[in-house]
Amino acid sequence: MTPDVESERVLYQRQAGADIGDDGIAASFGNDASALEALDNGVVLLDLSHWGRLRLSGGGRKAFLHGQTTNDINSLQKGQSRETVVTDPQARTVDLMTVIATDNALLCVTSPGMAAPLAQRFEKYIFPADDVAVQDVSERTAMLALAGPESDAVLGEIGLTGLAGQPVGSSAMVAFKGSPVVATIRSVFGGGDAEARGCVIVADESVAGDLWRVLALRGAVPMGSVVAERARVMKGRPMAGAELTKEFTALEAGLYFAIAEDKGCYVGQEAISKVVKHDAVRRQLWGFRMPPGSSCAVGATMYDGNGEELGPVTSVVEGEKDGEVAGLAYVRCRYKGKQANVEAMLVRVGECEGITKRIPFAKRSF
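One gets the numbering used here by counting positions in the sequence shown from 1 and adding 1091 to each.
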């Protein structure tokens, strides 16, 4: 986005102490420790406008997306949202999307940089009789997110009182300063963690600055992109280009919550069903921690305590403690034809040792 388009959001964020990067994204508000604390015990406010947004319209929109992704989209009704995975025919991951049903469209939230590739893919599979149109609305909309146990407390400030306390996936459309706002109860750090609270809010760019300001004034703690990445990794939320690639499947990524077990034909269904039937997941996405001073890089190979190869490191950030290394890695979990528990397992990357750690975002069964 060009600076003049996002100037109102940037202005309010600068006034709140944001360090704005060349990409127009607030890297930090100088409050990293308090933001992490608020994520677990209060509420944080994220500007995720750099994530993608696609709008699918037409009478065949649900049937089309149902056949393109892993979850049950046919049964999705107005006032609901659902997470679903775009996979290739071998069930390798392309992206994890949040799909929000409105009166006459499906609003699909994608990972950063994935709106255009996914729009291109969908267009490739659309036939004239499908009655589906795909529109990339990322540039003319903005996306904010609340996350944390106190998220519901600030929803009333933007006309979303009716969503407070509702189950994950509940959605609504309201007017804010005369412009429609679509919101759904869902934490971007939640995934398979049914207790995680949050709200994803999509609005026209023209009112995004005022939305951000109102939520910040009512107690939501601004969270910059650097600490948000730390939170993503520590919660275990996989991202396209890191954990979600053609090297790994949706099952390996722990995305069972975004897959309909009894669903019929869709892209990747045969491969997923075969793995589920034989309980044949070979690797799982796990967190890990290493002590201060550890040297660990994305792409490095992780080994167990006996020197056996486990899998690749996909993300590395600073942990909760000063100097601690936190990360995500795909870890071998099948030994001699049986699934093994790899939690709290001793691991090595180079000369550095650490342990695996459970990630709340993952769900490993139906």
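Virtual Cβ for every residue (Gly too), placed ideally from N, Cα, C.
If you follow the alpha helix (DSSP H) that Lys1326 is part of, which residue opens it and which one closes it?
1316-1326
Near Lys1354, what residues of its chain come up, given a Cβ to Cβ distance below 6 Å and the 5 sequence neighbours on each side ignored?
Asp1163
Going by beta carbon distance, what residues of the same chain come within less than 8 Å of Lys1412, once the five residues before and after it are set aside?
Pro1383
Could you check which residue in Ile1116, Gly1108, Asn1132, Val1438 has the C-alpha nearest to that of Asn1122?
Gly1108
Closest to Asn1432 by CA distance: which of Phe1457, Asp1395, Ser1406 is it?
Asp1395
Per DSSP, what kind of secondary structure is Phe1280 in: helix, strand or coil?
coil
In the DSSP output, what is Gln1181 paired with across the bridge?
Looking at the DSSP assignment, Gln1181 forms no beta bridge with any residue, so it has no partner.
Simplified DSSP assignment, three categories, for Thr1161:
coil
Could you give the C-beta distance for Asp1179 and Val1358, rounded to a whole number, given that I count them as a contact under 8 Å?
7 Å
If we count the other Cβ atoms within 10 Å of its Cβ and call it buried at 16 or more, is Gln1226 buried or exposed?
exposed
Put Gly1289 into one of helix, strand or coil per three-state DSSP.
strand
Can you list, in chain order, the residues of its chain with a C-beta nearer than 6 Å to that of Glu1248? Leave out the 5 residues immediately preceding and following it.
Val1305, Arg1309
Could you please give the first and the last residue of the uninterrupted alpha helix (DSSP H) stretch that includes Val1200?
Looking at the DSSP string, Val1200 is not in any alpha helix (DSSP H); the run it does join, the beta strand (DSSP E), is 1196-1201.
Nonlocal neighbours in the same chain, by C-beta distance under 6 Å from Gln1104, ignoring five residues either side
Ala1117
Would you mind listing the alpha helix (DSSP H) stretches within the stretch 1350-1425 that are 4+ residues and don't spill past its ends, in chain order?
1360-1368
With DSSP as the reference, label Thr1340 as helix, strand or coil.
strand
Can the beta-carbon of Ile1450 be found less than 8 Å from the beta-carbon of Leu1376?
yes
CB-CB length for Ala1311 against Leu1197, believed under 8 Å:
Going by Cβ atoms, the distance from Ala1311 to Leu1197 rounds to 27 Å, so no, they are not a contact pair.
Please report the straight-line C-alpha distance between Pro1208 and Ser1172, rounded to a whole angstrom.
22 Å
Would you be able to state if there are at least three C-beta pairs under 8 Å between the stretch 1143-1155 and the stretch 1325-1345?
no
Beta-carbon spacing of Cys1199, Val1185 below 8 Å
no
Hey, Val1404 and Cys1387: beta-carbon distance below 8 Å or not?
yes
For the stretch 1281-1292 against the stretch 1337-1354, do three or more pairs of beta-carbon atoms, one drawn from each stretch, fall closer than 8 Å, so that the two count as touching?
yes
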